Every structure is written in C-alpha cells, then in structure tokens.
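Residue numbers (full-length UniProt numbering): 1 to 387. Each residue gets a CB set at the ideal place from its N, CA and C atoms; glycine is no exception. Treat the numbers as computed from the prediction; the structure is a model and nothing was measured.
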C-alpha cells in the first residue's frame with residue numbers, strides 16, 4: 001500500500017505538470033502570441049521584438065520553475081497539490097491582462113495591490129490544506145489515487161479558466177495585433193483572413209484592412225465585403241480612434257505618395273495629394289473609397305472618370321456605386337448601366353420593401369447582399385439619419 005501511495009503521488013504530480021506545461025505553452029504560443037508581441041513592444045518602446053516560440057518556451061519554463069520551488073516549501077501531496085500552480089497561473093493571467101489602451105494605461109494597474117492581497121489569502125488556504133493533510137493519515141490506496149488525481153485536475157481546470165478569464169480576450173484587439181504582425185512582415189493576404197468572417201470591428205481594424213487591401217490591389221473590389229466603421233476618418237491613424245500599436249505606417253505613406261506634417265482628416269489629405277499632383281495610382285483608390293465610405297456618391301461620380309474608364313474592368317464596388325448613383329439621382333452627372341448589376345439592384349430594392357420587420361429585413365438583405373456597397377450605403381445612411 002505504501003508503494004501504491006507513492007506511485008499515486010508521482011502519477012498525480014506528473015499529470016498535473018504535463019497539464020500545466022501543455023496549457024501554458026499553447027496559451028502563449030497560440031492564443032496570446034499577438035498580445036505578447038504588443039506588450040513587449042510597449043514595454044521596450046519598440047526596441048525589441050517578441051519571438052513566438054522562444055517567448056512561449058521561456059515563460060513556460062520560468063512559471064514551471066516557480067511552481068517547483070513553491071512545491072518544495074509547501075509539500076502538498078494530495079488534493080491541495082494543484083494549488084501549488086496557482087501563483088504561476090495567476091502571474092500568467094496578469095502578464096496578459098491588457099486592454100486596447102495598453103500604450104497609455106498603467107500595465108500593472110490594480111494588480112499592484114490585488115496580487116499581494118491574493119497571495120496573503122493563498123497562504124491562508126495553503127496553511128489550512130496542510131493542516132487537513134496532516135490529520136488524514138489513511139493509506140493512499142489505488143481507489144483514492146484516481147479520485148485525488150481527478151480532484152487535482154479539476155482544480156487545475158478551474159485555475160486555467162481563471163487565467164483565460166483574466167487575460168486579454170478582446171477579439172477585435174486580437175485581430176488588430178495579428179494583422180499588425182502580418183502587415184509588418186508584408187503577409188498581406190494572411191492579414192486579410194484575420195477575423196474576416198466576424199462582425200466585430202473598430203476604426204483601427206478598418207484602417208488595417210484598407211492598408212492590406214490596397215497593398216494587394218483589391219481595395220475597389222473587396223473593401224465593402226468587410227464590416228467597416230468610422231467612415232473616411234478611419235482611413236489613416238490619428239492617435240486616438242485609429243491607432244497602430246506596433247507596425248510602422250511608413251509603407252502606407254510611401255504607397256500614397258507623400259506624408260504631410262500638418263494634421264488633417266484623411267479625405268482632405270487625399271484631396272490635397274491630388275491637388276498638388278503628388279498622388280499615386282494607389283491614392284486614387286483611397287480617395288474614391290473615402291467618398292464611398294462617407295456615402296458621398298455624388299463626389300465619387302464626379303471623380304471616377306479621372307482615374308478609370310467606365311467599362312467591364314471597373315472594380316466591383318465602383319460599379320455598384322455607379323449603379324446606385326444612377327438610380328438615386330433624377331438628373332445624374334453620368335449614367336452607368338450593367339445588365340446583371342441593374343437586375344441585382346432591383347432585386348435589392350424589392351427585398352428591402354418585402355419585409356416589414358426591420359430586423360428581418362436587415363437579416364435577409366445582409367445574407368444576400370451583405371458584401372455589396374449597396375448594403376453598406378443604405379445601412380450607414382440609416383444609422384446617420386438616426387443620430
């Protein structure tokens with residue numbers, strides 16, 4: 001029975017250790033790798049860069065060594081053994097507990113007083129567990145070994161859920177940091193797949209997608225296939241509503257033509273580029289998309305012929321915008337028709353009149369035409385009229 005007891009202790013300790021190492025490594029290597037990148041960038045003020053594999057391995061080893069050191073003091077062998085991992089998992093949670101404002105907010109924040117308080121409470125719990133374990137002198141038989149193992153794994157699971165709950169779980173911020181890493185490495189196609197099927201977004205994510213689409217020459221064809229907010233004001237960083245945390249925006253301004261030191265709104269910036277004859281081919285699309293993002297189809301129609309021929313090679317969203325403009329205006333500046341798109345637009349209008357319930361109408365239109373400029377235009381114009 002003594003051997004069974006020792007074997008049970010060893011199996012339980014090894015299983016908990018494997019569980020901890022596996023979770024910690026995956027948590028850092030996969031789930032929080034982009035968050036760790038921005039944390040290191042902010043703390044080092046851009047002087048160093050986070051390495052995904054090395055960072056995950058080193059942090060996992062350090063936290064495991066902390067657990068082994070703690071275990072050598074507390075020596076909990078039964079149900080309380082899993083608690084020796086609590087400080088390591090709590091530190092892992094604190095390490096990744098950041099918000100979108102990590103560049104301006106205090107990184108430690110409330111943990112400066114909460115962590116010591118939790119450690120005092122933890123010490124009390126450990127003392128209580130040791131007292132209970134010393135009172136229980138019954139043999140560690142085979143049946144109880146299995147039970148104690150699962151009890152410890154249950155505690156480990158609860159603490160891991162605590163880590164995930166405390167750590168950064170902001171989906172949009174995760175998308176942004178993943179995109180910034182991809183854009184910094186010029187992995188533009190990979191960047192465009194990040195959160196592509198999700199509705200959550202913000203102005204910073206909108207800018208990053210515009211950047212990636214422009215770099216892959218798809219701005220006029222695919223921009224409105226993504227959820228977009230912020231209008232044309234989201235097209236360039238402003239340090240507040242549109243921020244870039246890690247990636248250098250120098251490639252963007254090289255792509256556009258020139259960087260102006262004076263502050264101005266993106267649409268004004270694009271128009272000034274064209275007035276001064278500094279615009280590039282890419283900046284033509286940025287200006288046209290600025291008009292479309294602001295739902296200014298009149299300005300778009302008056303400028304499109306400066307940069308494009310009105311033929312079948314016209315980007316998809318530009319054709320959609322011209323079809324929309326032609327149908328909206330009684331005396332349009334220019335008339336554009338496309339047999340297929342005209343039929344689709346008529347179908348869009350019929351569908352929008354078919355459903356009396358606003359939620360049902362929105363859902364049906366989104367399912368069928370959610371990746372068209374028409375859906376963006378009418379949705380954002382309705383929102384603007386409600387403000």
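Measure the Cβ-Cβ separation of residue 149 and residue 11 and say whether it is below 8 Å.
yes
Mind reading off the beta-carbon distance from residue 236 to residue 206? Whole number of angstroms is fine, and I expect it under 8 Å.
Wrong, their Cβ atoms sit about 11 Å apart, outside the cutoff.
Is the segment 70-83 touching the segment 127-134 in the sense that three or more CB pairs, one from each, lie closer than 8 Å?
Taking 8 Å as the limit for Cβ pairs, the verdict is that the segment 70-83 does touch the segment 127-134.
What alpha helix (DSSP H) runs, 4 residues minimum, are completely inside the segment 241-317?
250-256, 266-275, 281-293 and 297-307
Three or more C-beta pairs under 8 Å: does that hold for the segment 247-259 against the segment 272-291?
Yes, the segment 247-259 is in contact with the segment 272-291.
I need the DSSP call for residue 28, collapsed to helix, strand or coil.
The three-state reading of DSSP puts residue 28 in helix, counting H, G and I together.
With DSSP as the reference, label residue 218 as helix, strand or coil.
When DSSP states are grouped into helix, strand and coil, residue 218 belongs to the coil group.
Our contact map puts residue 85 next to residue 20 with C-beta atoms below 8 Å; I'd like the distance itself, whole angstroms only.
5 Å
Could you tell me how far apart the beta carbons of residue 323 and residue 345 are, in whole angstroms, since I believe they sit closer than 8 Å?
Contact between residue 323 and residue 345 holds: CB atoms are separated by about 5 Å, below the 8 Å threshold.
Exposed or buried, what is residue 317 when buried is set at 16 or more other beta-carbons lying within 10 Å of its beta-carbon?
buried
Between 124, 96, 215 and 371, which lies nearest to residue 162 when the distance is taken from Cα to Cα?
96
If the criterion is Cβ atoms closer than 8 Å, does the pair residue 366 and residue 377 meet it?
no
Grab me the residues of residue 202's own chain with a C-beta within less than 6 Å of its C-beta, minus the 5 sequence neighbours each way, in chain order.
So the list reads 172, once near-sequence residues are dropped.
If we count the other Cβ atoms within 10 Å of its Cβ and call it buried at 16 or more, is residue 176 buried or exposed?
buried
If we require 4 or more residues per run, which alpha helix (DSSP H) segments fall completely within the segment 346-375?
358-369
Please report the distance separating the alpha-carbon of residue 180 from that of residue 371.
24 Å
How many Å lie between residue 117 and residue 88 at the Cα?
16 Å
Taking the CB atoms as reference points, tell me whether residue 60 and residue 153 lie closer together than 8 Å.
Residue 153 sits away from residue 60, with the two beta carbons spaced by 8 Å or more.
Leaving out five residues before and five after residue 286 in sequence, what residues of the same chain have Cβ atoms less than 6 Å from its Cβ?
270
Taking 8 Å as the threshold (C-beta atoms), are residue 253 and residue 297 in contact?
Their beta carbons are not under 8 Å apart, which means residue 297 does not touch residue 253 by this criterion.
Taking the CB atoms as reference points, tell me whether residue 94 and residue 111 lie closer together than 8 Å.
yes
Buried or exposed for residue 127, going by 16 or more other Cβ atoms inside 10 Å?
exposed
If you compare alpha carbons, which of 83, 245, 102 and 301 is closest to residue 151?
83
Alpha carbon to alpha carbon, how far is residue 303 from residue 98?
When rounded, the distance between both Cα atoms is 44 Å.
For residue 8, is the classification buried or exposed, using 16 other Cβ atoms within 10 angstroms of its Cβ as the cut-off for buried?
buried
Just to confirm before moving on: does the CB-CB distance between residue 224 and residue 373 stay below 8 Å?
yes
Helix, strand or coil: which one does DSSP assign to residue 141?
Because residue 141 sits at a pLDDT of 43, beneath the cut-off of 50, its placement in the model cannot be relied upon, and the point is left open.
For residue 381, count neighbouring C-beta atoms within 10 Å of its own C-beta (all shown protein chains included) and say buried if the count is 16 or more, exposed if not.
Per the 10 Å Cβ criterion, exposed.
Whole angstroms is fine: what's the gap from residue 141's alpha carbon to residue 165's?
Confidence at residue 141 is low in this model, with a pLDDT of 43, below 50, so its placement is unreliable and no value can be given for it.
Taking C-beta to C-beta, are residue 157 and residue 32 nearer than 8 Å?
Residue 157 is not a Cβ neighbour of residue 32, given a cutoff of 8 Å.
Out of 37, 13 and 103, point me to the one whose CA is closest to residue 68's CA.
13
Between the alpha carbons of residue 349 and residue 363, how many angstroms are there, rounded?
14 Å
Answer yes if the segment 214-223 comes into contact with the segment 184-192, meaning at least three C-beta pairs across the two stretches below 8 Å, and no otherwise.
The answer is yes - the segment 214-223 touches the segment 184-192, with three or more Cβ pairs under 8 Å.
At which residue ranges does the segment 126-206 contain complete alpha helix (DSSP H) runs of 4 or more residues, listed in the order of the chain?
142-166, 171-184 and 188-193
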